[in-house]
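Protein chains: 2
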Amino acid sequence: MNRSKRRPSISDVARLAGVSIGTVSNVLNTTDKVKPATVDRVLQAIEQLGFVRNDAARQLKAGKSQTIGLIVPDISNPFFTELARGAEQLGESDGYSVLIGNTGHDAERERGYFNLFEQQRVGGIVVSPTEDVTEQVVQLRKRGTNAVLVDRKAESNICCSVSMDDFAGGKLAMEHLLEQGHSEIIFVGGPADFQQVADRLAGAKSVVKASKGRANLKHIKTAELTVLAGREVGQQISAESRKNWPDAIFAANDLLAVGILQAFAFQAKVRVPEDIALIGYDDIDFAETAIVPLSSVRQPASLLGATAVELLVDEVERGPAHKHRQITFQPELIVRESSSKPASD
Amino acid sequence: MNRSKRRPSISDVARLAGVSIGTVSNVLNTTDKVKPATVDRVLQAIEQLGFVRNDAARQLKAGKSQTIGLIVPDISNPFFTELARGAEQLGESDGYSVLIGNTGHDAERERGYFNLFEQQRVGGIVVSPTEDVTEQVVQLRKRGTNAVLVDRKAESNICCSVSMDDFAGGKLAMEHLLEQGHSEIIFVGGPADFQQVADRLAGAKSVVKASKGRANLKHIKTAELTVLAGREVGQQISAESRKNWPDAIFAANDLLAVGILQAFAFQAKVRVPEDIALIGYDDIDFAETAIVPLSSVRQPASLLGATAVELLVDEVERGPAHKHRQITFQPELIVRESSSKPASD
DNA sequence: GCGCCAAATTGAAGCGTTTCAAAAACATTA
DNA sequence: TAATGTTTTTGAAACGCTTCAATTTGGCGC
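Here the protein sequences line up with chains A and B, keeping their order.
According to the working numbering, the residues represented by the first sequence are 1 to 345, in order.
According to the working numbering, the residues represented by the second sequence are 1001 to 1345, in order.
(1) Rounded to whole angstroms, what's the CA-CA distance from residue 110 (chain A) to residue 1112 (chain B)? Just pull it up for me.
(2) Hey, does residue 26 (chain A) have any beta-carbon neighbour from chain B nearer than 8 Å?
(3) Can you confirm whether residue 1339 (chain B), when its beta carbon is compared against all beta carbons of chain A, has any partner nearer than 8 Å?
(4) Using a Cβ cut-off of 7 Å, pull out every chain B residue sitting near residue 266 (chain A), in sequence order please.
(5) I want to verify the contact list: residues of chain A whose CB lies under 9 Å from the CB of residue 1125 (chain B), in sequence order.
(6) Is the stretch 248–256 of chain A close to the stretch 267–287 of chain A, with three or more CB pairs under 8 Å?
(7) Can you tell me the Cα-Cα spacing of residue 187 (chain A) and residue 217 (chain A), whole angstroms?
(8) Rounded to whole angstroms, what is the Cα-Cα separation between residue 50 (chain A) and residue 43 (chain A)?
(9) For the beta strand (DSSP E) that residue 294 (chain A) lies in, which residues bound it at each end?
(10) Between B:1091, B:1162 and B:1026, which has its C-alpha nearest residue 1331 (chain B)'s C-alpha?
(11) So residue 1297 (chain B) packs on residue 1333 (chain B), CB below 8 Å; how close in whole Å?
(12) Which residues share a DSSP beta bridge with residue 1187 (chain B)?
(13) Cβ atoms of residue 1150 (chain B) and residue 1133 (chain B): under 8 Å apart, would you say?
(14) Report the option in A:307, A:53, A:100 and A:73 whose CA atom is closest to the CA atom of residue 108 (chain A).
(15) Any chance you could list the beta strand (DSSP E) runs of at least 3 consecutive residues sitting entirely within the stretch 1099–1158 of chain B, in chain order?
(16) Would you report the Cα separation of residue 1103 (chain B) and residue 65 (chain A), rounded to the nearest angstrom?
(17) Below 8 Å, can you find three or more Cβ-Cβ pairs linking the stretch 259–268 of chain A to the stretch 1207–1227 of chain B?
(18) Could you check how far apart the C-beta atoms of residue 62 (chain A) and residue 309 (chain A) are, in whole angstroms? I think they sit under 8 Å.
(19) Name the chain A residues that come within less than 7 Å of residue 1317 (chain B), Cβ to Cβ?
(20) Is residue 1285 (chain B) near residue 1079 (chain B), with beta carbons less than 8 Å apart?
(21) Determine, for residue 1077 (chain B), whether the minimum Cβ-Cβ distance to residues of chain A falls below 8 Å.
(22) Any C-beta of chain A sitting closer than 8 Å to the C-beta of residue 1054 (chain B)?
(23) Reducing DSSP to helix, strand and coil, say where residue 1161 (chain B) ends up.
(24) What number of angstroms, rounded off, separates the C-alpha of residue 11 (chain A) from the C-alpha of residue 56 (chain A)?
(25) Tell me whether residue 1334 (chain B) sits in a helix, a strand or coil according to DSSP, three-state version.
(26) Below 7 Å between beta carbons is the criterion; list the residues of the stretch 93–124 of chain A that meet it against any residue of chain B, in chain order.
(27) Using three-state DSSP, classify residue 1065 (chain B) as helix, strand or coil.
(28) Check whether chain B comes within 8 Å of residue 130 (chain A), counting only Cβ atoms and requiring the distance to be less than that.
(29) Below 8 Å on the Cβ atoms is my guess for residue 124 (chain A) versus residue 316 (chain A); work out the distance and round it to an integer in Å.
(30) So, at 7 Å on beta carbons, what are the nonlocal neighbours of residue 228 (chain A) in its own chain, with the 5 sequence-adjacent residues on each side left out?
(31) Let me see if you follow: with CB-CB separation under 8 Å, is residue 1242 (chain B) close to chain A or not?
(32) According to DSSP, is residue 56 (chain A) helix, strand or coil?
(33) If you drop the 5 nearest sequence neighbours on each side, which residues of the same chain put their C-beta closer than 8 Å to that of residue 985 (chain B)?
(34) Go to residue 194 (chain A), then tell me how far its alpha helix (DSSP H) extends in each direction, as first and last residue.
(35) Quick check on residue 1298 (chain B): does DSSP put it in helix, strand or coil?
(36) Quick check on the burial criterion: 16 or more other C-beta atoms within 10 angstroms. Buried or exposed for residue 239 (chain A)?
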């Protein structure tokens, strides 16, 4: 109707209902100390005026908001979509909304979201960091905003963190490949300064070392952890003459593995697993339904997100009684067809 | 340090810098009417105290926030991820942050986000609706919050909308399949009450009708538009005896098409496009890199999102001068291998 | 030193809530 | 009826910011 008019406030409601603003506030917050008849009158006035509570004012008074900021490097990666879902679910059950900030691996944008969330006085921040955020977290905390690291281990005493044991995951995948009788193996992944990638590679290397020459590991670096990057590597490998093919490929994540799979399938030259075995990492939903069901190292992404939020909420609500914890989950090997021992060979 | 202490406010800064709070505010808002020396002093005080502006207070005063709420039914669908990206980019260039609410096709959650966003006094709401939101939008608008529909056409006069011509898209795909010489065609998709799906099917049907008996269209309904649902349909079709196979399949979106493709490839029975041609819808990034590059009907998802935000911002900023518009984009046929005419046949 | 103008700074009002001590209304008992 | 206890209601004081009319300061010409 009259779009220019001020939106009705709590005091407009009070006036119309013939009560004080304190009473309206009590009704809004469902305090049980208001007489039912009064409640009705107030609700009616609210309805009539189309009153909607102003969250900014509420927050200003409260000093804190029932919101958690989640910063992730790449929301289009199913691992993070899943992680976010876990965070949202646990947040909701504790009465928090989760706001997602997507950085695209850009440190600048990461800092932008730290700022935005701090200005909004979110209850706390969960971050899967792109760059080293230790200093930022320390500062943030000094100013009174809590933070929890996810998918990255924190230096203890700084803050809580929920991470995966990527080194163990790398070992798991590599040991599996060796057990299957493979010895010439290629690790595909990058950039090298992604901690997770580096750890997985290190885990794999440790197995090679322990095998005392029974296995050999090469590393093909990629600029990204995407399907497209995987596809390029796959084409590159299948273009080699057959004798240069590895026995197996360990991809740093499932997106890469899927890309490799696509390249192989498209050219119909390399058969998986008969010619080259393949294992990925993350066990995204898509792995199971890939053209050849993909072996992978499962990370409980949803649980990671949920646990991070849980720790954060604990910190926010228990205050000084809270103690920082570094939780590390162990990954789990999921064997599917892409890395199975050739049946008849 | 002392985490219990109140966070510093603008007046703490003012006191330390020896100026009035008005001046501090001017510095924060980079008004040019402050002497450089004063600016320095204030900035130093801000630094020293670790002051961070309280956004709630700022918003309360302003009455509006520089935020736009975006409500989508399924953020894990690349179409919506892309749409959101477009919305974010345009929003950012106009100085708005975009908050994303994911409903999972749940009308209850959709209403929840409407409420949340309204309480937060967002600048406006962009929604790709799950249920009919006409009434909600009308109410919202009456109370002073603007909204724009995306991927769904609005009844004119209600609000702006940015949609795709799904009927035309359905025609496009179908005409292409007929041109390739196919006549027995299956449309895969559902639920039937998704407007987009219904429109695409209607478009396809209109072509069949115009063909005067040259073509025949069946409909296999699915409960979701996911890879998994597609896979099931694919298995079902390939399980049929060869003579019951259709010439071509038109999938209501690319996720379904990819699932179908997977089922066919896995069982190595049906060849695409030699045995059955396949076309999807959306042209998600993944379509091009699918195991058989997937023909599709391109929707400029990013542009949809950006345009919706553009209309919303126009409405918010120009107020009464704004006129509602219903923008409809035309989809574009993208022919790839999955539907090409068999080379030698 | 004076007057004048522009530039810089001030400070109080107000945004819409929540909170909480105090007041009012009502109920119960002596 | 008065005294007492209990349930409701009240209303003013924050919360931390922006705004803007009013005031102060500083520069300049005379």
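Heads up, the beta-carbon is just placed ideally off N, CA and C, and yes, glycines get one too.
It should be emphasised that the depicted structure is a prediction, and the values quoted were computed from it without experimental measurement.
Let me lay it out:
(1) Numbered from 1 along the first sequence, position 110 holds the residue referred to as residue 110 (chain A). Numbered from 1 along the second sequence, position 112 holds the residue referred to as residue 1112 (chain B). Using only the alpha carbons, I get a separation of about 28 Å.
(2) Position 26 of the first sequence, counting from 1, holds the residue named residue 26 (chain A). By this cut-off, residue 26 (chain A) is not an interface position.
(3) Start at 1 with the first residue of the second sequence, and residue 1339 (chain B) comes out as number 339. With 8 Å as the cut-off, residue 1339 (chain B) does not count as an interface residue toward chain A.
(4) One-based indexing of the first sequence puts residue 266 (chain A) at position 266. What residue 266 (chain A) touches in chain B: 1291.
(5) What you label residue 1125 (chain B) is simply residue 125 of the second sequence in a count that begins at 1. Chain A residues near residue 1125 (chain B): none, gap ~13 Å exceeds 9 Å.
(6) Cβ pair count under 8 Å is three or more, so yes.
(7) For this step, residue 187 (chain A) is matched to residue 187 along the first sequence. For this step, residue 217 (chain A) is matched to residue 217 along the first sequence. Between the alpha carbons of residue 187 (chain A) and residue 217 (chain A) lies a distance of about 7 Å.
(8) Translated into the one-based positions of the first sequence, residue 50 (chain A) becomes position 50. Translated into the one-based positions of the first sequence, residue 43 (chain A) becomes position 43. Taking the straight line joining both Cα atoms gives about 10 Å.
(9) Within the first sequence, the letter at position 294 stands for residue 294 (chain A). Where residue 294 (chain A) is concerned, there is no enclosing beta strand (DSSP E), given that its DSSP letter is neither H nor E.
(10) As a position in the second sequence, residue 1331 (chain B) is number 331, starting the count at 1. Selected option, being the one with the closest Cα: B:1162.
(11) Counted from its first residue, the second sequence places residue 1297 (chain B) at position 297. Counted from its first residue, the second sequence places residue 1333 (chain B) at position 333. About 6 Å separates the two Cβ atoms, so the contact holds.
(12) Within the second sequence, the letter at position 187 stands for residue 1187 (chain B). In the DSSP assignment, residue 1187 (chain B) is bridged to B:1219 and B:1250.
(13) The count along the second sequence starts at 1 and reaches residue 1133 (chain B) at position 133. The count along the second sequence starts at 1 and reaches residue 1150 (chain B) at position 150. No.
(14) If you number the first sequence from 1, residue 108 (chain A) lands on position 108. Of the candidates A:307, A:53, A:100 and A:73, the residue whose Cα lies closest to the Cα of residue 108 (chain A) is A:73.
(15) Counting only runs of 3 or more, we get 1124–1127 and 1146–1150.
(16) Stepping through the second sequence from its first residue, residue 1103 (chain B) is reached at position 103. Stepping through the first sequence from its first residue, residue 65 (chain A) is reached at position 65. Their Cα atoms are separated by approximately 22 Å.
(17) In this structure the stretch 259–268 of chain A does not lie against the stretch 1207–1227 of chain B, because fewer than three pairs of beta carbons, one per stretch, are closer than 8 Å.
(18) Position 62 of the first sequence holds residue 62 (chain A). Position 309 of the first sequence holds residue 309 (chain A). That pair is no contact at about 20 Å.
(19) Within the second sequence, numbered from 1, the residue matching residue 1317 (chain B) stands at position 317. Here the premise fails: no neighbours, minimum Cβ distance about 14 Å.
(20) The residue given as residue 1285 (chain B) occupies position 285 in the second sequence. The residue given as residue 1079 (chain B) occupies position 79 in the second sequence. Taking 8 Å as the Cβ cut-off, residue 1285 (chain B) and residue 1079 (chain B) do not qualify as a contacting pair.
(21) In the second sequence, residue 1077 (chain B) corresponds to position 77, counting from 1. Put simply, the CB of residue 1077 (chain B) is far from chain A, with every gap to its CB atoms at 8 Å or more.
(22) Residue numbering aside, residue 1054 (chain B) sits at position 54 when the second sequence is read from its first letter. At a cut-off of 8 Å, the C-beta of residue 1054 (chain B) has a neighbouring C-beta in chain A.
(23) Indexing the second sequence from 1 puts residue 1161 (chain B) at position 161. Three-state DSSP puts residue 1161 (chain B) in a strand.
(24) The residue given as residue 11 (chain A) occupies position 11 in the first sequence. The residue given as residue 56 (chain A) occupies position 56 in the first sequence. The alpha-carbon separation between residue 11 (chain A) and residue 56 (chain A) amounts to approximately 16 Å.
(25) Here residue 1334 (chain B) refers to the residue found at position 334 when the second sequence is read from its first residue. Strand, per DSSP.
(26) The stretch 93–124 of chain A vs chain B, Cβ under 7 Å: 97, 99, 100, 116, 118, 119, 120 and 121.
(27) Position 65 of the second sequence, counted from the start, is the residue given in the question as residue 1065 (chain B). DSSP places residue 1065 (chain B) in coil when its eight states are reduced to three.
(28) Start at 1 with the first residue of the first sequence, and residue 130 (chain A) comes out as number 130. Residue 130 (chain A) does not count as touching chain B.
(29) Your numbering for residue 124 (chain A) matches position 124 in the first sequence. Your numbering for residue 316 (chain A) matches position 316 in the first sequence. With a Cβ gap of about 5 Å, residue 124 (chain A) and residue 316 (chain A) count as contacting.
(30) By one-based count along the first sequence, residue 228 (chain A) stands at place 228. So the list reads 259, once near-sequence residues are dropped.
(31) Locating residue 1242 (chain B) in the second sequence gives position 242, where the first residue counts as 1. Chain A places no beta carbon closer than 8 Å to that of residue 1242 (chain B), leaving this residue out of the contacts.
(32) The count along the first sequence starts at 1 and reaches residue 56 (chain A) at position 56. DSSP, reduced to helix, strand and coil, places residue 56 (chain A) within a helical segment of the structure shown.
(33) Shown here, chain B extends from 1001 to 1345; a query on residue 985 (chain B) therefore has no answer.
(34) The sequence position of residue 194 (chain A) within the first sequence is 194, counting from 1. The continuous stretches of alpha helix (DSSP H) do not include residue 194 (chain A), and DSSP gives it neither H nor E.
(35) Taking the first residue of the second sequence as position 1, residue 1298 (chain B) is located at position 298. Residue 1298 (chain B) falls in the strand class under three-state DSSP.
(36) Translated into the one-based positions of the first sequence, residue 239 (chain A) becomes position 239. A residue is called buried once 16 or more other Cβ atoms fall within 10 Å of its Cβ, and residue 239 (chain A), having fewer, is exposed.
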